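Please read the structure below before turning to the comments.
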Amino acid sequence: MVMHESSGAGPSLRQAATLPDVLAASFDAFEVIRLLARASEDQVPALLAAFMTAADAAVDGREAVTAAPSLPSGGEGAGAPAAAADTDAWVIADGMAALAVLLGERLRHAAALSLTAGDRGACEAAAEAAGRICQLMARGHDDASLR
């Protein structure tokens, strides 16, 4: 099972039909990424910096979303990530990358449809943060020596 599916963040993002729903689901997804990154940063020493930087980018994305005028107030918030303590850090990184891709897609789409500059700017800034998370967590040729 993919990390973001078990956290509920992926389905919430996919099902969000309105801008306020996308913003609320995005806020929760960034919080899930932040919590997963912090919980995983000590598992593989070679990934410490990537997980720490991804957690920081998740905070940036979450803060960008909070600037959106259409973000609904209140809400349930993100639940605890569903990653078990013994889950491989690479699996967690893959799940975070997949969630970041989905986040970026939904936020760029929301930005394109936004009627106000505040919502558009918030969505664009949050999408950029999601892109940074994806870059950090995606496996590329550079990390082959780390496996």
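For the sequence shown, the numbering used here assigns the number 187 to the initial residue and increments by one for each residue that follows. Heads up, the beta-carbon is just placed ideally off N, CA and C, and yes, glycines get one too. Here the structure is a predicted model, which means the values were calculated and not measured.
Taking each of G247, A298 and A240 in turn and checking the Cα distance to Q321, the smallest one comes out for A240.
Taking the Cβ atoms as the reference, I319 lies roughly 6 Å from A244, within the contact range of under 8 Å. Here P231 carries a helix assignment [DSSP, helix/strand/coil]. The alpha-carbon of R224 is positioned some 10 Å away from that of V218.
For L301, the three-state secondary structure derived from DSSP is coil. In terms of Cβ geometry, L299 and A316 do not form a close pair [threshold 8 Å]. Here A211 is near A202, since their CB atoms are less than 8 Å apart.
About 4 Å separates the Cβ atoms of A283 and M323, confirming a contact at the 8 Å cut-off. If you draw a straight line from the Cα of G290 to the Cα of E310, it is about 9 Å long. For a cut-off of 8 Å, the C-beta gap from F216 to G196 is around 13 Å, too long to register as a contact. Contact between D305 and P258 fails: their C-beta atoms lie close to 12 Å from each other, not under 8 Å. Collapsing the DSSP output to three states places A324 in coil. When DSSP states are grouped into helix, strand and coil, P255 belongs to the coil group.
DSSP places A225 inside the alpha helix (DSSP H), whose first and last residues are L205 to S226.
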